[in-house]
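Per the UniProt record's numbering, the sequence shown runs over residues 1 to 210.
Every residue gets a Cβ at the ideal spot worked out from N, C-alpha and C, and that includes glycine.
Here the structure is laid out as C-alpha cells; the discussion comes afterwards.
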Amino acid sequence: MTYAYKLMDSPVGQLKLVANGERLAAILWENDKPNRVRLAALVEANDRPVLIDTERQLNEYFAGTRRAFDLPLAFQGTDFQKQVWAALLTIPFGQTRSYAEIAVQIGNVNAVRAVGAANGRNPISIVAPCHRVIGASGALTGFAGGLANKMFLLSLEAGQTSLEAETDRQTEMFAFEAMKKVETQATSDAPTKPARHAPSRGTQSSLFGN
Numbered sequence: 001m002t003y004a005y006k007l008m009d010s011p012v013g014q015l016k017l018v019a020n021g022e023r024l025a026a027i028l029w030e031n032d033k034p035n036r037v038r039l040a041a042l043v044e045a046n047d048r049p050v051l052i053d054t055e056r057q058l059n060e061y062f063a064g065t066r067r068a069f070d071l072p073l074a075f076q077g078t079d080f081q082k083q084v085w086a087a088l089l090t091i092p093f094g095q096t097r098s099y100a101e102i103a104v105q106i107g108n109v110n111a112v113r114a115v116g117a118a119n120g121r122n123p124i125s126i127v128a129p130c131h132r133v134i135g136a137s138g139a140l141t142g143f144a145g146g147l148a149n150k151m152f153l154l155s156l157e158a159g160q161t162s163l164e165a166e167t168d169r170q171t172e173m174f175a176f177e178a179m180k181k182v183e184t185q186a187t188s189d190a191p192t193k194p195a196r197h198a199p200s201r202g203t204q205s206s207l208f209g210n
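This is the structure:
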C-alpha cells in the first residue's frame, strides 16, 4: 500500500499530512521519530483533495477561526490504540483530560500506562488532539511534537491569538535555552573540591523539584 503525503508550513513547524486513499491517515511532526508512526511507502501528492482540505482546516485552526475538524480519518493501529484515539476525538476544544480519565472513558481503569503509550503513538496529531492529554498533576508530560508546541496548542485553544501564543512559545524556548546555558556555566565554574557542607534535602527539593 502506498500513502500520499503533502508538506505544509505551520506555526508549529513543517507538518507532513498523509493520506490513505481519500482519508487522512497521519499528521507527522517535522522532527518526528521515524518509527513512532509506522507507514508504508510514501509518495508526494500535493493535489490529493483530502490533503488540500486538511491543510485548509489546519490553517483555519491556527488562525483561530476553527474549533473542530471535519475530515475523514483512517487510523491504523491495534484495537486498544483505536479506542484511545477515538477517545481523544471527544475531548472538547480548550479542555484537557488526564491519562486516568481516558482509561476510565474506555472502560479500562488499570490501563493508564497503556493509554499513555497509545497517546504517544497517535498518528493524526492535532486533529486527534493528544496535546489535550496531560498528567494527573497538571504537568504537560511528554509530547511527540515537543513540549513547546504542546504549550502553543493549549495556549491557542485557551483563547489567545495565534500571535500571542507564538510569542509565549518563543519566550518559553528562550527561557529554557538561557537556563541550560546558566547550568552549563555553573557546572564549568564549579570548584574541583566538594563543598564543605552539602545542601540539605529541603534545598535540593527547591532546586530540583524532587
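query	result
Tell me, please, which residues DSSP counts as bridged to LYS6.	LEU17
Roughly how far, in whole angstroms, is the beta-carbon of VAL84 from the beta-carbon of ILE106, given that I think they are within contact range, below 8 Å?	6 Å
For PHE93, does the count of other Cβ atoms within 10 angstroms reach 16, so buried, or fall short, so exposed?	exposed
Give me the DSSP bridge partner(s) of VAL43.	ALA4
Quick one: grab the DSSP three-state call for SER162.	The predicted position of SER162 is uncertain, since its pLDDT is 43 and thus under 50; a value taken from the coordinates is nonetheless stated next. DSSP places SER162 in helix when its eight states are reduced to three.
I'd like the span of the alpha helix (DSSP H) that includes ILE102, first residue to last.	99–105
Along the chain, where does the alpha helix (DSSP H) that runs through ARG56 open and close?	49–62
When we look at the beta-carbon of GLU60 and count the other beta-carbons within 10 Å, is it buried (16 or more) or exposed?	exposed
Which residue wins for smallest C-alpha separation from ASP53, given the options ARG23, GLU44 and ALA41?	ARG23
Is the beta carbon of TYR99 closer than 8 Å to that of GLY116?	yes
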